[in-house]
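Step one of this worksheet: look at the structure below.
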Amino acid sequence: MQHIPTVLDHGFEYIGGDLSTDFINTKSGRLSGDGHEHVQTYADVVAFVREAGVLKPSEAKRLIAAAQERPEKATQVHRRAVALREATFRAYERLIQEKDPAPDDLAVMGAEASKAVGHACFVRSADGFSWDWADTDDLERPLWPIARAVADVLIHEENRSLLRECADDTCAWLFVDRTKNHSRRWCDMNTCGTRNKMREYRERQKRVTARAR
């Protein structure tokens with residue numbers, strides 16, 4: 037039986053303002069060529085949605101156990117998750133450029149959203165009702181909240197219009213700009229933001245020094 041790892045160094049960051057952009061950002065270094073794939077196995081997909089708070093730890097544990105029994109199905113779901121992520125990345129990039137996504141990418145996103153809707157249900161919540169998922173032991177369960185998040189961005193103009201790409205030349209991480217004045221430039225102020233501000237500072241200092249000569 038194929039071993040499905042249960043604990044990995046995931047390195048997930050939830051700074052994209054939306055589950056779909058956070059999932060896109062599980063692949064880093066798209067432009068620099070020295071990036072890292074954080075979703076290497078089915079267990080990683082489970083870990084991503086669990087750590088995002090849209091999958092209960094008990095559900096995650098059951099899914100990992102089920103994946104041990106059905107490794108071929110788990111591998112198939114992992115491949116679908118990666119395909120959904122890459123199609124969504126390309127589609128969002130096109131939307132940021134004010135272009136229509138490619139039909140093939142829309143087809144991938146639409147197929148996963150359609151499957152997710154078939155497992156959706158309403159449950160009572162503190163505010164009334166909220167979305168939840170039936171068939172919680174289905175190995176496809178981690179895909180459903182991701183696919184729904186993608187659909188929510190695509191069908192709502194207020195979400196599409198806030199899609200942004202990090203202004204760092206080597207980053208390519210995406211985010212939904214939910215800041216009050218919609219002026220966010222960086223995926224993370226502590227990394228790309230600080231690095232670029234330091235570079236701009238050094239360039240200003242060089243210009244000041246050059247003028248003083």
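Residues in the sequence shown are numbered from 37 upward in steps of one, following this note's numbering.
The C-beta atom is built at its ideal place from N, Cα and C for all residues, glycine as well.
- The Cβ atoms of Asp58 and Val189 do not sit closer than 8 Å to each other.
- Glu95 and Trp169 have their C-alpha atoms spaced approximately 11 Å apart.
- By alpha-carbon distance to Gly146, the top candidate from Val85, Glu134, Arg121 and Arg221 is Arg121.
- Taking all protein chains shown into account, Thr62 has 16 or more neighbouring C-beta atoms within 10 Å of its C-beta and is therefore buried.
- For Val159, the enclosing beta strand (DSSP E) has its first and last residue at Ala156 to Ser161.
- In the displayed model, Leu55 falls within a helix according to three-state DSSP.
- The criterion of a C-beta distance shorter than 8 Å is not satisfied by Val212 and Gly89.
- Cα atoms of Ala101 and Lys135: separation of roughly 43 Å, rounded to the nearest angstrom.
- In this structure, the beta-carbon distance from His114 to Thr172 does not fall below 8 Å.
- Glu73 is bridged by DSSP to Lys63.
- For the pair Ala152 and Leu142, the CB atoms are not nearer than the 8 Å cut-off.
- With fewer than 16 other beta carbons inside 10 angstroms of its own, Glu105 counts as exposed.
- Leaving aside the five residues that flank Ala156 on each side, the residues in its chain whose CB is nearer than 7 Å to its CB run, in chain order, Trp167 and Trp169.
- His72 and Ser64 have their C-alpha atoms spaced approximately 5 Å apart.
- Here the C-alpha atom of Ser197 lies approximately 12 Å from the C-alpha atom of Glu129.
- Listed in chain order, the alpha helix (DSSP H) runs fully inside the stretch 190–223 are 193–196, counting runs of at least 4 residues.
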